[in-house]
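Enquirer: Residue numbers for the sequence shown, in the UniProt record's numbering: 1 to 462. Glycine included, every Cβ here is placed at the ideal spot set by N, Cα and C. None of the values given here were measured: they were computed from a predicted structure. The structure is given below, and queries will be raised subsequently.
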Amino acid sequence: MSLNEGEIVLKEKYGTSAKERYYVKATDQLGIVVVVDEKFRDVAGLFTKIFLPQGYPASVSKDYIFYQIWDTAQAFCSTITGILATQEVFRGVGVGDTNASPLAATVTWVFKDGCGHIGKILFAYTHGTHLDAYSKKWRLYADTLNDAAMCIEIALPLFKNYITFALCVSTCMKAIVGVAGGATRVAMTQHHALRGNLADVSAKDSAQETAVNLIASFVALFIISMIGNKILLTDLKICGFHIKIGDSISKILNPRTNAVYLNKLKDIYNDKKYIIHTDTGNRVMYVFPKEDASVDDMLCAYFQSVLLAIITCAINDHQLAIFSSNNNTKPFAQVCVTLQSAEWSRATGSGGDFQYEPSYELHRYVMNIASDEWAAIREGLLQTGWDLSKHLLIVDEWRLCSEDVIPLTILPEEVKYNRPIAIPDTRKESFTIEPDSSNSTLSNRPEATKSKTDLNYRPKKD
């Protein structure tokens, strides 16, 4: 056999790879020429030497590469979430907070580590003998528990009053992960090492994990730089209430929101293009816009709802960021503090966490403040380049109409339970609603001279 006009003396191959060498005796020469035949580039060979066991794939089990792919993906994600969790842990113990005490942070850290050590000892004592028999099960359990622990640490801002307890729980969970994960990894390595090359397989697994952690760390730094200290701001976080615009009035009907209540609100907001209702039980501020409400009216209504929600939290001693010590000297914060002790600003609540709801007088008071302040805010926004010709508020399609004729006969039992009833055509008549200071009055057009303020009155049928 010849190669390049020479005689092949010997041929060798490196393991099961595609790397081959030919030792050729050239024509009319006694020397040996080495011909290297590599079907892949040197980069692939270098990658194999660094990250895969010697003799791969013959030196490891068939499922090795599939396991390593998923293990690498899991390590990549865990590194990113771990760095995000570390940031929240540091913030939780007081890093960056000028009011935090180094002693308090040290005590928290000692408690955290102590719980981790105790958890590790107890888990090894109670479950150590089961790790060999159910290695796959405990490996999956360890990864799941690790993710749960990092989720708790990332969510530390939600547990401001329980930082130490949350850190102790998460550290104890991570300690269990360390025992279960380390023990089962040995079993997995032993399974993959077909030639007894446990050290080589373990070393290359460590190299893979280190490289993945390095790449994931840069990705996590990029994510942190994009997010920074920003938090998701919602209306509930800003003012303590969800603000819903354009919902149907039927959502607020209950024994308290009767005709007297609705007529009062109608009188208060008579000059406005909207009506605001406060549901303290569900922490929802409803805005009912009128059919001719403009974009400016919607923005003003939202602004007034925020003010009313904050004041409602104030009179119920519900803490918001605006009530912090740094904001006590600001005018609106002083207004909230003043209204906390004003009896006229509150009425008995309808249940839930809040004891009081805003009174009719408070509705008028806040409406006057919002009307005056919104004009100045609008002017300032326009001067700084804001486009107030549109908004991105979530608004439903229900609108208050000026129509005051009801083409139905309303019976007392239907009014009592505040629920829509299908009325047969044989009972249909026309009524007009005439608001009164005490209650709404129903007037039957055929007998307009007869009073119908009594709900027990039933109009005659045709």
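1) Taking just the CA atoms, how far does C300 sit from T210?
2) D113 to T171, Cα distance in whole Å?
3) Do T278 and E357 count as a contact pair if the criterion is CB distance below 7 Å?
4) What do you reckon, are the CB atoms on V110 and N146 nearer than 7 Å?
5) Between the alpha carbons of L262 and R399, how many angstroms are there, rounded?
6) To the nearest angstrom, report how far apart V212 and D132 are at their CA atoms.
7) For A187, collect the residues of the same chain with a Cβ closer than 6 Å to its Cβ; drop the 5 residues on either side in sequence, then sort them by chain order.
8) If distances are taken between C-alpha atoms only, which option among Y302, M298 and A333 comes closest to A314?
9) Could you give the first and the last residue of the continuous alpha helix (DSSP H) run that contains E361?
10) Just tell me which of I227, I121, E397 and P331 has its CA closest to the CA of E291.
11) According to DSSP, is T348 part of a helix, a strand, or is it coil?
12) For the beta strand (DSSP E) containing Y269, list its first residue and its last residue.
13) Anyone know if the C-beta pair for G94 and A85 falls short of 7 Å?
14) Is it true that the region 216 to 226 meets the region 75 to 89, where meeting means three or more beta-carbon pairs spaced less than 8 Å apart?
15) So, for A207: in the same chain, excluding its five sequence neighbours on each side, which residues have a beta-carbon less than 8 Å away from its beta-carbon?
16) Could you check which residue in A142, C151, V201 and S225 has the C-alpha nearest to that of S56?
17) Out of curiosity, what's the CA-to-CA distance linking P157 and G196?
18) Helix, strand or coil for E20, going by three-state DSSP, please let me know.
19) Can the beta-carbon of G349 be found closer than 7 Å to that of T280?
20) If you run the structure through DSSP and keep just helix, strand and coil, what is I394?
21) Between which two residues does the alpha helix (DSSP H) carrying K237 extend?
22) So the alpha helix (DSSP H) P331 belongs to, where does it begin and stop?
23) Could you name the residues of the same chain whose beta carbon sits closer than 8 Å to that of H191, not counting the 5 residues immediately before and after it, in chain order?
24) Can you give the beta carbon distance from D296 to L167, rounded, assuming they're within the 8 Å contact cut?
25) Under the assumption that L362 contacts S345 (Cβ atoms under 8 Å), give the Cβ distance between them as a whole number of angstroms.
26) Output the boundary residues of the beta strand (DSSP E) element that contains P289.
27) Taking only three categories from DSSP, how would you classify L60?
28) Helix, strand or coil for A155, going by three-state DSSP, please let me know.
29) For D462, name the three-state secondary structure that DSSP assigns.
30) Going by the CB atoms, is the gap between S305 and I276 shorter than 7 Å?
31) Taking only the alpha-carbon atoms, compute the straight-line gap between G43 and A183 and give it to the nearest angstrom.
32) Below 6 Å CB to CB, which residues in the same chain sit around R139 once its five sequence neighbours on both sides are set aside?
33) Could you tell me the boundaries of the beta strand (DSSP E) in which H318 lies?
34) Could you have a look at Y67 and say whether DSSP puts it in helix, strand or coil?
35) Given a cut-off of 7 Å, decide if G128 and A175 are closer than it, judged by their beta-carbon atoms.
36) CB-CB under 7 Å to T126, same chain, minus the five flanking residues each way: which ones, in chain order?
Expert: In brief:
1) On the sequence shown, position 210 is the one that residue 210 refers to. On the sequence shown, position 300 is the one that residue 300 refers to. Approximately 55 Å between the Cα atoms of the pair.
2) Taking the first residue of the sequence shown as 1, we reach residue 113 at position 113. Taking the first residue of the sequence shown as 1, we reach residue 171 at position 171. If you take the alpha carbons of D113 and T171, they lie about 7 Å apart.
3) Along the sequence shown, read from residue 1 onward, the residue named residue 357 stands at position 357. Along the sequence shown, read from residue 1 onward, the residue named residue 278 stands at position 278. Yes; because the gap between Cβ atoms is below 7 Å, this pair is in contact.
4) In the sequence shown, counting from the first residue as 1, residue 110 sits at position 110. In the sequence shown, counting from the first residue as 1, residue 146 sits at position 146. For V110 and N146, no; Cβs fall outside 7 Å.
5) For the purposes of this step, residue 262 is taken as residue 262 along the sequence shown, with counting starting at 1. For the purposes of this step, residue 399 is taken as residue 399 along the sequence shown, with counting starting at 1. The straight-line gap from Cα to Cα measures roughly 15 Å.
6) Your numbering for residue 212 matches position 212 in the sequence shown. Your numbering for residue 132 matches position 132 in the sequence shown. Approximately 28 Å between the Cα atoms of the pair.
7) If you number the sequence shown from 1, residue 187 lands on position 187. Correct list, in chain order: S135.
8) For the purposes of this step, residue 314 is taken as residue 314 along the sequence shown, with counting starting at 1. If we check each option's Cα against that of A314, A333 comes out closest.
9) Position 361 of the sequence shown, counted from the start, is the residue given in the question as residue 361. Unbroken alpha helix (DSSP H) run through E361: Y360 to Q383.
10) For the purposes of this step, residue 291 is identified with residue 291 of the sequence shown, where counting begins at 1. When each option's Cα is compared against that of E291, the closest is E397.
11) Counted from its first residue, the sequence shown places residue 348 at position 348. Here T348 sits in strand by DSSP.
12) On the sequence shown, position 269 is the one that residue 269 refers to. Run containing Y269: none; DSSP gives neither H nor E here.
13) Here the question's residue 94 lines up with position 94 in the sequence shown. Here the question's residue 85 lines up with position 85 in the sequence shown. It is not a contact, given that the beta carbons lie outside the stated cut-off.
14) yes
15) In the sequence shown, residue 207 corresponds to position 207, counting from 1. So the qualifying residues of the chain are I50 and F51.
16) The residue you call residue 56 lines up with position 56 of the sequence shown. Before going further, note that residue 56 is Tyr rather than Ser in the sequence given. The residue with the shortest Cα to Cα distance from Y56 is V201.
17) Numbered from its first residue, the sequence shown carries residue 157 at position 157. Numbered from its first residue, the sequence shown carries residue 196 at position 196. Taking the straight line from one Cα to the other gives about 48 Å.
18) Numbered from its first residue, the sequence shown carries residue 20 at position 20. Looking at E20 - three-state DSSP - the assignment turns out to be strand.
19) If you number the sequence shown from 1, residue 349 lands on position 349. If you number the sequence shown from 1, residue 280 lands on position 280. Yes.
20) Stepping through the sequence shown from its first residue, residue 394 is reached at position 394. It is coil, neither helix nor strand.
21) The residue you call residue 237 lines up with position 237 of the sequence shown. Unbroken alpha helix (DSSP H) run through K237: D235 to C239.
22) In the sequence shown, residue 331 corresponds to position 331, counting from 1. Looking at the DSSP string, the run of the alpha helix (DSSP H) that includes P331 is P331 to Q340.
23) Translated into positions along the sequence shown, residue 191 becomes position 191. Here the set comprises S61.
24) Sequence index remark: in the sequence shown, residue 296 carries index 296 (1-based). Sequence index remark: in the sequence shown, residue 167 carries index 167 (1-based). Between L167 and D296 the Cβ distance is about 48 Å, and since that is not below 8 Å, they are no contact.
25) Position 362 of the sequence shown, counting from 1, holds the residue named residue 362. Position 345 of the sequence shown, counting from 1, holds the residue named residue 345. Between S345 and L362 the Cβ distance is about 5 Å, and since that is below 8 Å, they are a contact.
26) Residue 289 sits at position 289 when you count from the first residue of the sequence shown. Here the beta strand (DSSP E) through P289 covers V284 to P289.
27) Here residue 60 corresponds to residue number 60 of the sequence shown, with the count starting at 1. It should be pointed out that residue 60 corresponds to Val in this sequence rather than to Leu. Note: V60 maps to strand in three-state DSSP.
28) Numbered from 1 along the sequence shown, position 155 holds the residue referred to as residue 155. The answer is coil: DSSP assigns A155 none of H, G, I, E or B.
29) Your numbering for residue 462 matches position 462 in the sequence shown. Model confidence at D462 stands at a pLDDT of 44, short of 50, so the residue's coordinates are unreliable and nothing is read from them.
30) Residue numbering aside, residue 276 sits at position 276 when the sequence shown is read from its first letter. Residue numbering aside, residue 305 sits at position 305 when the sequence shown is read from its first letter. Contact: yes.
31) Within the sequence shown, numbered from 1, the residue matching residue 43 stands at position 43. Within the sequence shown, numbered from 1, the residue matching residue 183 stands at position 183. The question names Gly, but residue 43 in the sequence shown is Val. Cα-Cα distance, rounded: 34 Å.
32) Locating residue 139 in the sequence shown gives position 139, where the first residue counts as 1. Closer than 6 Å at Cβ, skipping near neighbours: T184.
33) Position 318 of the sequence shown, counted from the start, is the residue given in the question as residue 318. Unbroken run through H318: none, as it is neither H nor E.
34) Indexing the sequence shown from 1 puts residue 67 at position 67. In this structure, Y67 counts as helix in the three-state DSSP scheme.
35) For the purposes of this step, residue 175 is taken as the residue at position 175 of the sequence shown. For the purposes of this step, residue 128 is taken as the residue at position 128 of the sequence shown. It is not a contact, given that the beta carbons lie outside the stated cut-off.
36) The residue labelled residue 126 in the question sits at position 126 within the sequence shown. Taken in chain order, the list of residues that qualify is empty.
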